[in-house]
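Asker: If you scroll down you'll find the structure; I have some questions about it.
Protein chains: 2
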Amino acid sequence: MTINSKHCRSNCPINFVLETFGDKWTLLIVRDLMFKGKSSYTEFLQSDERISTNILADRLKKLEDNGIVKKDVALDNRSKLIYALTDRGKELLPIMLEITAWSAKHDTATNAPASFLSEFTSSKHEMITNILENLR
Amino acid sequence: MTINSKHCRSNCPINFVLETFGDKWTLLIVRDLMFKGKSSYTEFLQSDERISTNILADRLKKLEDNGIVKKDVALDNRSKLIYALTDRGKELLPIMLEITAWSAKHDTATNAPASFLSEFTSSKHEMITNILENLR
DNA sequence: CTGTATCCTTAGGGATACTG
DNA sequence: CAGTATCCCTAAGGATACAG
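Now the structure itself:
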């Protein structure tokens with residue numbers, strides 16, 4: 015499957031991710047799934063950045079269309095829907111960690127744990143496999 | 015220096031980069047500086063994605079304000095201006111490479127060299143120091 | 001709980017002309 | 001060469017009400 019097969023400004027790989035993630039909201043949903051243990055619509059709504067309901071619905075749909083997120087009925091509660099990252103979505107992890115590292119280094123106000131930077135620098139690979147194991 | 019000290023939706027590191035790069039154009043300028051050897055206003059204008067002149071001026075200004083890009087007079091031609099990445103800008107390289115790798119894996123139309131993925135996977139660190147050396 | 005629908009406002013962006 | 005200045009238009013986004 016090719017993402018955004020319809021309209022692409024160029025065939026550049028950087029531009030490719032911009033077509034999907036080049037807005038202020040999409041990546042926050044990925045973050046919530048990847049690091050915050052969130053999986054439901056209402057949980058996404060409650061993030062600090064206060065996404066509005068119509069934007070959230072739109073971005074979730076696009077993420078599904080692009081094969082980054084999948085939606086399933088909860089096993090324990092049939093009226094509840096569960097969002098999760100697909101394998102393709104999980105593979106965004108190295109990007110997300112590099113972003114976190116860059117921010118942690120350059121933004122004094124960032125809330126990344128102080129230990130993160132040194133841990134990431136010294137054992138990047140172990141950290142990635144570790145997190146991936148805990149992502150179901 | 016703290017980027018975006020004025021208005022921040024949250025103190026999350028992911029959100030932090032979104033405040034600067036969460037649009038369709040900013041990262042393309044970084045790409046042009048980092049990988050395409052571009053350094054002048056007119057060179058940026060000529061990219062495949064066809065940025066318009068007012069948007070380019072706006073994004074260059076913001077990148078300067080955020081300490082990611084610096085502007086200098088050319089040594090050989092005093093009426094020519096040269097843009098370059100600051101150290102902070104160069105430190106975006108790991109993010110850019112991870113983005114390229116993800117795209118190369120998931121977009122069949124991407125124009126990243128076929129060799130890139132295997133080279134990046136096997137010798138990430140060497141690749142990064144190599145590129146950094148050639149970035150002046 | 002998970003969205004739609006609607007309304008309204010603003011920001012982003014294209015095109016083009018012009019300038020020191 | 002490196003931008004400003006305009007004009008205009010659309011997409012993005014906030015608020016809120018409503019619905020299966």
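Going line by line, the protein sequences match chains F and B. Our numbering applies: residue 15 is where the first sequence begins, and numbers increase by one. Our numbering applies: residue 15 is where the second sequence begins, and numbers increase by one. We put the beta carbon where it would ideally sit given N, CA and C, even for glycine.
#1: Where do the N-terminal and C-terminal ends of the beta strand (DSSP E) with K84/B fall, by residue?
#2: Ignore the nearest five residues each way along the sequence and tell me which others in L59/B's own chain have a CB closer than 8 Å to its CB.
#3: Any idea what DSSP makes of A128/F, helix, strand or coil?
#4: For the segment 86-107 of chain B, which residues have a CB atom closer than 7 Å to at least one CB atom of chain F, in sequence order?
#5: Using CA coordinates, which residue listed in F30/B, S24/B, C22/B is at the minimum distance from S117/F?
#6: Measuring only the C-alpha atoms, how far is N18/F from E33/F?
#7: Which runs of the alpha helix (DSSP H), 4 residues or longer, sit entirely within the segment 59-122 of chain B?
#8: Please report how far the alpha carbon of L149/F lies from the alpha carbon of S93/B, in whole angstroms.
#9: So, is D79/F buried or exposed, given that buried needs 16 or more other C-beta atoms within 10 angstroms?
#10: When the distance is taken between beta carbons, is S54/F closer than 8 Å to L47/F?
#11: Can you list the residues of chain F that F30/B reaches, using a CB-CB cut of under 7 Å?
#12: Could you check what DSSP says for D37/F in three-state terms: helix, strand or coil?
#13: List, in chain order, every chain F residue whose beta-carbon is nearer than 9 Å to that of K38/B.
#14: In three-state terms, what does DSSP make of S136/B?
#15: Can you pull the chain B residues whose beta carbon is under 8 Å from the beta carbon of T113/F, in chain order?
#16: Within the same chain, show all residues whose beta-carbon is closer than 8 Å to that of L146/F, passing over the 5 residues directly before and after it, in chain order.
#17: What number of angstroms, rounded off, separates the C-alpha of P127/B from the C-alpha of L89/F?
#18: Would you list, in chain order, the members of the segment 45-66 of chain B that have their beta-carbon closer than 7 Å to a beta-carbon of chain F?
#19: Could you name the residues of chain F that L41/B contacts, counting a contact when the two beta carbons are closer than 7 Å?
#20: Thinking F35/F and L41/F are a contact (beta carbons under 8 Å), I'd like their distance in whole angstroms, please.
Answerer: Reading from the atomic positions:
#1: 83-87
#2: I65, T67, L70
#3: helix
#4: R102, E105, L106
#5: F30/B
#6: Interpretation of N18/F is limited by its pLDDT of 47, a score under 50 that renders its predicted location unreliable; the figure taken from the coordinates is listed afterwards. Distance between the alpha carbons of N18/F and E33/F is about 7 Å.
#7: 67-79, 101-104, 107-120
#8: 55 Å
#9: exposed
#10: no
#11: S117, D121, T124
#12: coil
#13: R23, N29, L32, E33, G36, D37
#14: helix
#15: The question names Thr, but residue 113/F in the sequence shown is Ile. Within chain B, the residues near I113/F are P27, I28, V31, I109.
#16: K104, L107
#17: 44 Å
#18: R45, D62, E63
#19: I28, L32
#20: 5 Å
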